[in-house]
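Single-structure report; data block below.
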């Protein structure tokens with residue numbers, strides 16, 4: 001009777017940590033969103049796996065908690081990190097309805113770190129992570145966070161920047177940022193981080209606003225006032241060289 | 001002639017990804033800060049390793065870039081992620097003085113994700129990561145970021161919260177946050193994440209202000225207005241259950 005919430009990293013496979021791999025190997029049952037189960041099915045042949053579709057998060061967590069309460073060793077898998085917009089929080093909430101059980105969270109590489117590594121080193125200074133999805137958060141709150149984060153000169157990392165039903169959200173977000181930041185601010189995005197068809201683009205904030213390439217499988221990075229492009233890589237200096245003069 | 005900047009995760013060992021492990025195994029030379037080299041020395045016996053002390057970041061990167069320029073396959077190791085306050089940015093900057101070379105960044109579990117997993121699931125909603133070290137950033141800029149991040153109701157993750165020479169910085173940071181946030185805001189900190197002597201504490205923002213246990217090996221988490229403590233774990237709801245009513 002154990003429940004482990006496991007972050008797979010952006011593409012599973014080589015991005016899995018040793019702890020994540022062991023947690024899946026030791027589980028009697030692995031539960032996850034269909035696309036993430038598909039990422040790991042070949043790597044763990046013969047393992048019992050149960051998947052549910054998008055927007056079935058509560059059902060999925062309840063299924064996992066119930067199996068653990070019934071005595072199974074269950075692993076719930078998430079893309080990226082288990083905590084950052086992952087299932088760890090919901091698992092703890094759902095588990096409140098059941099007797100206390102052993103719950104462990106195994107962290108994974110979140111898209112901010114995975115995508116940052118593909119682009120170069122955009123997150124070497126203070127940064128903020130914001131999801132543009134308003135399924136669970138009022139859009140006004142998202143706008144307010146964008147504005148304040150730009151005023152604070154954070155590097156910004158945007159999750160869920162666009163979907164079919166929210167086709168202009170990235171544009172609306174960029175318009176808010178452009179009230180405060182220069183249109184020349186170096187930015188980048190990575191689609192399908194660590195997966196087949198991975199694609200990284202570096203561009204200005206002005207060009208990002210009008211880009212049509214960003215979709216729901218993309219993570220977006222917006223530089224702070226010191227971010228620059230060095231030989232095709234997006235780099236935010238921490239200030240070591242500048243200190244030495 | 002290849003240079004790889006590798007994030008080891010909080011404690012190396014089981015927190016290493018497959019990619020990070022392979023990069024170290026394939027390297028002719030591994031370069032890093034003494035404490036991080038010590039973390040991996042036993043795991044990679046016979047591997048040539050070179051370490052330099054604290055505040056020798058530029059020397060360390062230059063040593064690595066020169067070895068790579070001379071034809072070696074070099075891995076630069078960082079605790080946590082290679083990008084988040086790590087060496088990836090400085091490597092790209094230093095490499096500007098040399099002929100173009102193949103540089104790859106291998107991400108690792110950053111302390112925000114690693115420490116979050118120990119505490120529960122504090123980062124399940126938008127968050128900001130701020131370093132309280134003013135060695136490279138003016139304190140006024142740090143204060144401003146703290147204030148705006150609190151106004152934006154981000155969950156906050158503080159790196160480098162205190163050192164010998166900055167013994168009251170966490171207190172000063174909390175005083176700024178307390179102008180905006182309730183002293184009852186659930187918070188937590190983790191010392192020595194993933195290493196010997198790991199210790200996690202959950203407490204209120206008011207109590208965090210006066211805690212003397214936080215040191216330079218500690219990562220601090222400050223909840224947003226919805227963060228709560230569930231059976232001893234720090235959890236920020238994403239809103240799935242709340243949507244279902």
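Chains as they are written, first to last, in this note's numbering: chain A, 1 to 245; chain B, 1 to 245. Glycine included, every Cβ here is placed at the ideal spot set by N, Cα and C.
8 Å contact criterion, which residue i and residue j should meet: CB distance rounded
i                     : j                     : result
residue 73 (chain B)  : residue 155 (chain B) : Wrong, their Cβ atoms sit about 39 Å apart, outside the cutoff.
residue 171 (chain B) : residue 147 (chain B) : Actually they do not touch by this definition, with Cβ atoms about 16 Å apart.
residue 234 (chain A) : residue 205 (chain A) : So it is not a contact: roughly 12 Å between Cβ atoms.
residue 90 (chain B)  : residue 240 (chain A) : 5 Å
residue 219 (chain A) : residue 174 (chain A) : The pair is not a contact, with the Cβ atoms about 15 Å apart (cut-off 8 Å).
residue 27 (chain B)  : residue 75 (chain B)  : 4 Å
residue 14 (chain A)  : residue 17 (chain B)  : 7 Å
residue 238 (chain B) : residue 11 (chain B)  : Between residue 11 (chain B) and residue 238 (chain B) the Cβ distance is about 27 Å, and since that is not below 8 Å, they are no contact.
residue 77 (chain B)  : residue 32 (chain B)  : 4 Å
residue 159 (chain A) : residue 124 (chain B) : At roughly 12 Å, the Cβ-Cβ gap does not stay under 8 Å, so residue 159 (chain A) and residue 124 (chain B) are not in contact.
residue 186 (chain A) : residue 227 (chain A) : 5 Å
residue 82 (chain A)  : residue 46 (chain A)  : Going by Cβ atoms, the distance from residue 82 (chain A) to residue 46 (chain A) rounds to 24 Å, so no, they are not a contact pair.
Contact set between residue i and chain B, taken where Cβ atoms lie within less than 8 Å
i                     : result
residue 233 (chain A) : 92 and 103
residue 44 (chain A)  : Result: empty, since nearest Cβ-Cβ is about 14 Å, beyond 8 Å.
Secondary structure of residue i, DSSP reduced to three states
i                     : result
residue 199 (chain A) : strand
residue 86 (chain A)  : coil
residue 206 (chain B) : helix
residue 166 (chain A) : strand
residue 243 (chain A) : helix
residue 222 (chain B) : strand
Interface residues of chain A facing residue i [CB-CB closer than 7 Å]
i                     : result
residue 180 (chain B) : What residue 180 (chain B) touches in chain A: nothing, since even the nearest Cβ is about 11 Å away.
residue 35 (chain B)  : Neighbours of residue 35 (chain B) on chain A: none; closest Cβ ~18 Å, over 7 Å.
residue 188 (chain B) : Within 7 Å Cβ-Cβ: nothing; residue 188 (chain B) doesn't reach chain A, min ~12 Å.
residue 196 (chain B) : Here the premise fails: no neighbours, minimum Cβ distance about 16 Å.
residue 9 (chain B)   : 17
residue 75 (chain B)  : In chain order: nothing, as chain A lies at least about 14 Å away.
Contact list for residue i against chain B, beta-carbon separation under 9 Å
i                     : result
residue 223 (chain A) : Result: empty, since nearest Cβ-Cβ is about 12 Å, beyond 9 Å.
residue 137 (chain A) : 125, 126, 238 and 239
residue 243 (chain A) : 58, 135 and 136
residue 144 (chain A) : 151, 152 and 153
residue 64 (chain A)  : Simply none; closest approach about 14 Å.
residue 53 (chain A)  : The contacting residues do not exist; residue 53 (chain A) stays about 14 Å from chain B at best.
residue 71 (chain A)  : Those do not exist, as residue 71 (chain A) stays about 20 Å from chain B at its closest Cβ, beyond 9 Å.
residue 67 (chain A)  : Neighbours of residue 67 (chain A) on chain B: none; closest Cβ ~19 Å, over 9 Å.
Interface partners of residue i on chain B, CB under 7 Å
i                     : result
residue 81 (chain A)  : 113
residue 110 (chain A) : 113
residue 27 (chain A)  : The contacting residues do not exist; residue 27 (chain A) stays about 16 Å from chain B at best.
residue 173 (chain A) : The premise fails here: residue 173 (chain A) is roughly 13 Å from chain B at the closest Cβ pair, so nothing lies under 7 Å.
Proximal residues of chain A, C-beta to C-beta of residue i below 9 Å
i                     : result
residue 120 (chain B) : 83, 88, 89, 92, 103 and 105
residue 18 (chain B)  : 13, 14, 15, 16, 17, 18 and 21
residue 206 (chain B) : Within 9 Å Cβ-Cβ: nothing; residue 206 (chain B) doesn't reach chain A, min ~24 Å.
residue 50 (chain B)  : Here the premise fails: no neighbours, minimum Cβ distance about 18 Å.
Contact set between residue i and chain A, taken where Cβ atoms lie within less than 8 Å
i                     : result
residue 100 (chain B) : 231
residue 96 (chain B)  : 230 and 231
residue 151 (chain B) : 148
residue 130 (chain B) : 126
residue 32 (chain B)  : Near residue 32 (chain B) there are no residues of chain A at all, since even the closest Cβ is about 15 Å away, more than 8 Å.
Next on the checklist: My parser needs the alpha helix (DSSP H) runs of 4 or more residues fully inside the segment 94 to 123 of chain A; what are they?
Outcome noted: 111 to 119
Checklist entry - What are the uninterrupted segments assigned as beta strand (DSSP E) that are 3 or more residues long and contained completely in the segment 12 to 76 of chain A, given in chain order? => result 29 to 33 and 49 to 52
Item to check | Length at least 3, wholly inside the segment 124 to 181 of chain B: the beta strand (DSSP E) runs in chain order | outcome: 127 to 131 and 155 to 159
Checklist entry - Does the segment 90 to 100 of chain A come within contact of the segment 53 to 72 of chain B, defined as at least 3 CB pairs closer than 8 Å? => result no
Checklist entry - Counting pairs of Cβ atoms below 8 Å between the segment 31 to 39 of chain B and the segment 123 to 138 of chain B, do you hit three or more? => result no
Checklist entry - For the segment 181 to 194 of chain B against the segment 101 to 121 of chain B, are there 3 or more C-beta pairs whose distance is under 8 Å? => result yes
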